[in-house]
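From first to last, the protein sequence lines stand for chains U and S. Counting in our numbering, the first sequence runs from 105 upward without gaps. Counting in our numbering, the second sequence runs from 105 upward without gaps.
2 protein chains.
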Amino acid sequence: MIKLYEHPLSGNAHKVRILLGYLGIAYEGVHIDLPVQPEKAADLLRHNPLAEVPVLIDGDVVLRDSQAILVYLARKYGGETWLPSDAADQARVVQWLSFSANEIYHGPNLARVYYLFNFELDIELAKKRATRVLQILDARLASRSWLELDRPTIADVACLPYVALAGEGKVELAGYPNVVAWIDRLRSRNGFIPMPGFERPLAV
Amino acid sequence: MIKLYEHPLSGNAHKVRILLGYLGIAYEGVHIDLPVQPEKAADLLRHNPLAEVPVLIDGDVVLRDSQAILVYLARKYGGETWLPSDAADQARVVQWLSFSANEIYHGPNLARVYYLFNFELDIELAKKRATRVLQILDARLASRSWLELDRPTIADVACLPYVALAGEGKVELAGYPNVVAWIDRLRSRNGFIPMPGFERPLAV
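Following this line, the structure appears as structure tokens:
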């Protein structure tokens, strides 16, 4: 059975949980305390020198990085649906994996980390980046239902958690109706696994 | 002919130039002034709401984000060599695309941007992140020639430029012999396209 090193409040782990849910794949969760304390997490560190969740283990395959794990699950268990093999379509999806790893991580994710876990960081910069993320996504979703192609892909899954949790970083989603509608579309799909804090955007 | 919106000092554009060189593909470069001034770069903005180079145009295909462009070129023109289609191997490579988009961008890239382009940013944080990047890469490359698999892939190409240019961010490569040897291996391959600043690490 697939094993996932995770924490219930990790949006990066939740990307993986969401895709596992959509794909209908059962998994065994391994709880890791956050923030990761290297002396207590030797097993995680062996698999991931970045000392982060998620890590996925599927037989011989050990992967760190939520985007890479989404690519693996999509290609291994999702056929052409979640990540097509066509060069151009695959690259279109990957654009948003980078957006998730860079802009979303350093925007809404860090703003949330500041308020939820009391990390020392430049909160004004994180909020400015989060606002820009929401502006770009709202413009992108003004004329389309999904970030790429004619269906949800791992582009949407990778971007969803920290955007849906933006309110926990005191960045309100109220001014971004296309983003809120997109979150609702993803939430209403069969197999969707919710996460604490996901209720918030819908209440605005 | 493939068109690439680029700037000679952009490490992100250079990732693409390097892979085009390895693949032996000619392209037409479109010079974009940096930092991008939105009022002068309407064409770029139409293709990329993030207002960044590179952007690649290949017939009908328009892509932003250096990682996505590497995926496209590798899948379209590189067979199985630069990005395999096997789920696990593809995901292994993607781990380093995220590492490039997040850790390398916010580490050695931002340190360089601070000294080269006088951007206001937390230079101590950027240097701390750059050091961690080099530690992780040096440990990874202690027992292997390439970041994944038994050959160079777009994992190596994506990570190369800003690591090779770390000296321009006043982060010295001298203490990371495995990284320096890896840079040399990539530089010595047929078709490699150099970039201003790439000489520096080899002189340390």
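Here a beta-carbon is modelled for each residue, glycine too, at the ideal position from N, C-alpha and C. Note that the structure is predicted; figures quoted are calculated from it, not measured.
Write down every uninterrupted run of the alpha helix (DSSP H) in the region 231-269 of chain U whose length is 4 residues or greater and which is fully enclosed by it, in chain order.
258-268
Short Cβ contact (8 Å threshold) for P257 of chain U with L177 of chain U
Here residue 257 of chain U refers to the residue found at position 153 when the first sequence is read from its first residue. Here residue 177 of chain U refers to the residue found at position 73 when the first sequence is read from its first residue. Here the sequence assigns Thr to residue 257 of chain U, which means Pro is not the residue at that position. No, the Cβ-Cβ distance between T257 of chain U and L177 of chain U is not below 8 Å.
3-residue-minimum beta strand (DSSP E) runs that sit fully inside the region 179-214 of chain U, ordered along the chain:
none
From U:A234, U:D254, U:A285, U:C263, residue whose alpha carbon lies closest to that of E276 of chain U:
In the first sequence, the residue the question calls residue 276 of chain U occupies position 172. The shortest Cα separation from E276 of chain U among U:A234, U:D254, U:A285, U:C263 belongs to U:A234.
For a test of the three-state rule: what should DSSP assign to H111 of chain S, helix, strand or coil?
Position 7 of the second sequence, counted from the first residue, corresponds to residue 111 of chain S. Three-state result, H111 of chain S: coil.
Between which two residues does the beta strand (DSSP E) containing L160 of chain S stretch?
Here residue 160 of chain S corresponds to residue number 56 of the second sequence, with the count starting at 1. It spans 159-162 - the beta strand (DSSP E) in which L160 of chain S sits, taken as one unbroken run.
Can you pull the chain S neighbours of V165 of chain U, defined as C-beta to C-beta under 7 Å?
One-based indexing of the first sequence puts residue 165 of chain U at position 61. Within 7 Å Cβ-Cβ: A192.
Enumerate in chain order the residues of its own chain whose CB-to-CB distance from A259 of chain S is below 6 Å, with the five nearest sequence positions on each side excluded.
Stepping through the second sequence from its first residue, residue 259 of chain S is reached at position 155. The answer, listed in chain order, is V197, W200, L251, E252.
Just reading off the alpha helix (DSSP H) that V284 of chain S is part of, what are its end residues?
By 1-based counting over the second sequence, the position of residue 284 of chain S is 180. Unbroken alpha helix (DSSP H) run through V284 of chain S: 281-291.
For chain S, is any of its Cβ atoms less than 8 Å away from the one on P212 of chain U?
For the purposes of this step, residue 212 of chain U is taken as residue 108 along the first sequence, with counting starting at 1. No, no contact with chain S.
Measure the alpha-carbon distance for L123 of chain S versus P212 of chain U and round it to whole angstroms.
Residue numbering aside, residue 123 of chain S sits at position 19 when the second sequence is read from its first letter. Residue numbering aside, residue 212 of chain U sits at position 108 when the first sequence is read from its first letter. For L123 of chain S and P212 of chain U, the distance between alpha carbons rounds to 32 Å.
Does the region 142-159 of chain U touch the region 132-148 of chain S, meaning 3 or more C-beta pairs lie closer than 8 Å?
no
Of all Cβ atoms in chain S, is any one closer than 8 Å to the Cβ of V308 of chain U?
Numbered from its first residue, the first sequence carries residue 308 of chain U at position 204. Low per-residue confidence applies at V308 of chain U: pLDDT is 41, beneath 50, and the placement is therefore not dependable, though the value from the model is reported in the following sentence. No, because no Cβ of chain S sits closer than 8 Å to the Cβ of V308 of chain U.
Give me the chain U residues within the contact set of R150 of chain S, using Cβ-Cβ distance strictly less than 7 Å, ordered along the chain.
Locating residue 150 of chain S in the second sequence gives position 46, counting from the first residue. Simply none; closest approach about 12 Å.
When you compare the CB positions of A243 of chain U and A172 of chain S, do they come within less than 8 Å of one another, or not?
Start at 1 with the first residue of the first sequence, and residue 243 of chain U comes out as number 139. Start at 1 with the first residue of the second sequence, and residue 172 of chain S comes out as number 68. Against a cut-off of 8 Å, the Cβ pair of A172 of chain S and A243 of chain U comes out as no contact.
Quick one: grab the DSSP three-state call for E132 of chain S.
Counting from one through the second sequence, the residue named residue 132 of chain S turns up at place 28. In this structure, E132 of chain S counts as strand in the three-state DSSP scheme.
Suppose the cutoff is 6 Å on Cβ atoms and the five residues either side in sequence are ignored; what does the same chain contact list for R121 of chain U look like?
Residue 121 of chain U sits at position 17 when you count from the first residue of the first sequence. Answer for R121 of chain U: I297, listed in chain order.
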